[in-house]
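Here's the structure, in structure tokens; my notes come after.
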Amino acid sequence: MDVRQNVRTYIIENFLFGDEAPLENDSMSLLDGGIIDSVGVMELVAFLEGDFGLTLADEELVPENLDSVDNLVAFIERRQSSV
Amino acid sequence: MCGICGVVALDGPLDLPRQTPERMIGVMRHRGPDEFGAWRDRSVFLGHARLSIIDLAAGQQPMTTAQGRHWITFNGEIFNYPELRAELQGLGHTFRTSSDTEVILAAYDQWGPECVERFNGQFAFAIYDRHQRRLFLARDRFGIRPLFLTEHQGQLLFASEIKSLRAYPGLNLELEPAALAEIFHHWTPIGAGTAFRGVAQLPPGHVAMVGDNAFGAAAAAPLPDCLRVRRYWHPTFLPAREDHRFVPAAERDRYAAEVREALVDAATIRLRADVPVGAYLSGGLDSSATAAIIHKYTDHHLKTFSVGFEDAAYDETEWQHRMAAHIGTEHRTITTGAEDIAGRLREVTWLAETPMVRTAPAPLHTLSGLARSEGFKVVLTGEGADEVFVGYNIFRETKVRHFWSREPESRSRSALLTRLYPYLAQSPEQFLRKFYGAGLDNPDDPLFSHGPRWSNTASLPGFLGEAAQEPHSAGPVRERLLATLPADFTGWGPVARAQYLEMTTFMANYLLSSQGDRMLMGHSVEGRFPFLDHNVAELAGRIPVSIKLQSLVEKSILKLGVADLLPVNILQRPKQPYRAPEGASLEGPTGQALVRRFLDSDGSAGWDMWQPGRIAALVRKWQAGKLVSVRDNMSLLAVLTGRILQHDFGPGFEERLAPNILPEQALAWRQE
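Those sequence lines, one after another, are chains Z and S. Quick note on numbering: the first sequence equals residues -9 to 73 in this note's numbering. Quick note on numbering: the second sequence equals residues 825 to 1496 in this note's numbering.
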């Protein structure tokens, strides 16, 4: 499964319990869209650490990296290519 | 405390099928197991289940006046009835009993519907006037006592609990999907709504009339349109400028003394009863203050009750014992935990009559069972102090967010949130700012304070089927909420607005009902709440918020007022929100069985109201131990209790009702 598909599946299964509708597009803010809350961010981080083997520094926990499918994909790919 | 019910024919003769009184009264016999009474004429039926507390020998209901003009069925207490009685005697009224019920009848005779403004109490009652052929309904200021209504085949039915309406032969109730969506999103029904289509409640601080079109104003949906309604009271606060003014120390101390005096009065008159009165001790400030006041100002021998948790994260037993030892009460504790909570959840849902996003009512059902088993029918609690004296985090949060909204770029302002919620210190700062910063651009929005709370559960209706997307029969929730705001609301400051919203939504429709009246009455125990004495609440509303929430110290004026009565560590202890384990409480065998029984979709009728696939995914996440967020836990509780409710008030109702139907000889029919 490619990164985008993996991220989308996780968000739809884990936060939306299979309901794709609220995830209108890959650029929307997950927080503004009510898809995650501040605890949800921690779940997301655990997912990145678990499924992608990344470790995240505090300064990386920012919306630019985590708050949409696009941002997550870009962040994961950037980190994977830098390894 | 009692249960009341009635049927009023709106046009034509009363239709009261066989066994109607035995069913309607019997199904809520837990509210009043001591005596059952009924009265009817050709257009009205009134029923009553009595928990005898005042004038045990002569206080039977329904009750009438000497002339037989007015008939009353009454649930609650009028605490200032001795004073009113004396006043009415001075005006020429005579009394046959020493009950407060008869005082209401005389007061209604003397002052008409305005009599409620003279009552200091917690009440829901109906008075039928046989001369004018009209029915008067009243509910106390904060909604401590319930009163539900529905119109069915040309008759108005009312009752203390929805299950009594449902017990009317042939009356089926359906959950209204849009109402469920509203409850899932806002934690409680909003305004006069309930979870059931066509069932409304008379809002707190309202009176209503049937059969007199000159009275009040036409009722708005979801209230039945045969009602005319009038609001006689609502919480009030100072205009913003006065609310925020600097208060010199000498003036502050005078306010503290006034608070103390008002609380002493409120607690003292709540000891009036012809049965023993006990008190709950939570380990927090409010119930401790109540108990300490009773100890110091009365010669009442106080017995206190508290609930502890097996899980130390929720347990406050140590503090409860400290306080009991400090004032020397005879103290009893009962311990609850996952299996106890899971084992009660179905009964708790039956009593609460609404889906719940929390398990917190269950331990209070355990606790009322303890009080009752010790022979107590009446307990005082600290309920209401957090709303009246500004105790909850949502008020501190509102103050911080409002302060932050004036400098939205400031990081030090948003960082104050971690003082309220220490666990947020681990949250990524920018996400925290984004979550709590929502709505910051419009701090004057009337619902500003409750934005973050409600946005967190905005996704819960996603577990409901397509029908939940349809508009609510009573209109959009925001508009309905805004329509109930009093004219002076816009002049209040942000914290006062938040207090008003909290009192009229969460307190009335959850804390006082699902977690209050219904859990107490489930074991035939009456709760009394000194902090919700309207004299206390009105005084608190006149005190500037600058000394109620001084800096970010909650209930600062209350603390000052009771400082010398409490051990310093209870006084200074940070507030611990009362909570119970949520999804974790269902992990044992009892909870597992409950989840399987009600959340495993078999595709049967009724499941079309839900999203079975999403619920199955939620259950899988819970079973995998991954239900970590508050939102996920709330989702699980909401769908589980919603499904229980759908069954027990639907196909399972008759089975549940059957053992409670009164035998004919248990019901006393009253005559003039």
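Here a beta-carbon is modelled for each residue, glycine too, at the ideal position from N, C-alpha and C. Being a predicted model, the structure only gives us computed values, none of them experimental.
- Cβ contact annotation for residue 1295(S) (same chain, cutoff 8 Å, sequence separation greater than five): 1002, in chain order.
- With respect to chain S, the C-beta atom of residue 39(Z) has no partner C-beta closer than 8 Å.
- Note that the C-beta distance between residue 1302(S) and residue 1175(S) is not below 8 Å.
- The residue from 1010(S), 1090(S), 1104(S) with its alpha-carbon nearest to that of residue 1121(S) is 1090(S).
- Within the segment 0 to 12 of chain Z, the residues whose Cβ lies closer than 9 Å to any Cβ of chain S are, in chain order, 3, 4, 5, 6, 7, 8, 9, 11, 12.
- Under the three-state reduction of DSSP output, residue 1130(S) falls in the strand class.
- Under the 8 Å Cβ criterion, the segment 1372 to 1381 of chain S counts as touching the segment 1205 to 1216 of chain S, having at least three qualifying pairs.
- Judged by DSSP in its simplified three-state form, residue 1068(S) adopts coil rather than helix or strand.
- If you draw a straight line from the Cα of residue 893(S) to the Cα of residue 865(S), it comes to about 12 Å.
- Assignment of residue 1033(S) by DSSP, reduced to helix, strand and coil, places it in the strand class.
- In this structure, the alpha-carbon of residue 1134(S) lies about 15 Å from that of residue 1143(S).
- Closer than 8 Å to the CB of residue 29(Z) there is at least one CB belonging to chain S.
- Between residue 1034(S) and residue 1385(S), the alpha-carbon positions lie close to 45 Å from each other.
- Annotation note: the segment 1162 to 1220 of chain S contains the following uninterrupted alpha helix (DSSP H) runs of length 4 or greater, listed N- to C-terminal: 1162 to 1176, 1185 to 1197, 1209 to 1212.
- Considered as a whole, the segment 1329 to 1357 of chain S harbours 1342 to 1345 as its complete alpha helix (DSSP H) runs of no fewer than 4 residues, in chain order.
- Against chain S, the CB of residue 33(Z) has a partner CB under 8 Å away; the residue lies at that interface.
- Distance from the Cα of residue 1222(S) is smallest, within the candidate group 1201(S), 1263(S), 1197(S), for 1263(S).
- The beta carbon of residue 1408(S) lies closer than 6 Å to none in the same chain, with the five residues before and after it left out.
- Bounds of the beta strand (DSSP E) holding residue 1101(S) are 1101 to 1104.
- Just measuring C-alpha positions, the residue of 1451(S), 1097(S), 1371(S), 1425(S) sitting nearest residue 900(S) is 1097(S).
- Going by DSSP, residue 70(Z) is part of the alpha helix (DSSP H) stretching over 59 to 72.
- For the segment 35 to 68 of chain Z, the beta-carbon criterion of a distance under 7 Å to any beta-carbon of chain S is satisfied by 51, 52, 53.
- Close to residue 1096(S), with beta-carbon spacing below 8 Å, lies no residue of chain Z; the smallest spacing is near 47 Å.
- With respect to chain Z, the C-beta atom of residue 1452(S) has a partner C-beta closer than 8 Å.
- Contact between the segment 905 to 919 of chain S and the segment 932 to 952 of chain S is present, with at least three C-beta pairs closer than 8 Å.
- In terms of Cα proximity to residue 1094(S), the closest of 1019(S), 1354(S), 1047(S) is 1354(S).
- Between the segment 1446 to 1463 of chain S and the segment 60 to 73 of chain Z, the count of Cβ pairs shorter than 8 Å is below three; the stretches do not touch.
- Non-local C-beta neighbours of residue 853(S) in its own chain, meaning closer than 8 Å and more than five positions away in sequence, comprise 827, 860, 873, 1484, 1486, ordered along the chain.
- Proximity of chain Z to residue 1437(S) at the Cβ level (cut-off 7 Å) is accounted for by 8, in chain order.
- Residue 1394(S) is positioned such that its CB atom lies no closer than 8 Å to that of residue 1054(S).
- Rounded to whole angstroms, residue 36(Z) and residue 1140(S) show a C-alpha spacing of 32 Å.
- Approximately 6 Å separates the beta-carbon atoms of residue 1308(S) and residue 1015(S); this is inside 8 Å, confirming the contact.
- Boundaries around residue 946(S) are those of the beta strand (DSSP E), 945 to 953, since no alpha helix (DSSP H) includes it.
- Listed along chain Z, the residues sitting closer than 9 Å to residue 1286(S) by beta-carbon distance are 6, 7, 9, 11, 12.
- Note that the segment 826 to 846 of chain S does not touch the segment 1462 to 1481 of chain S; fewer than 3 beta-carbon pairs, one per stretch, sit closer than 8 Å.
- In this structure residue 952(S) does not touch residue 848(S) by the C-beta definition: roughly 16 Å separates them, more than the 8 Å allowed.
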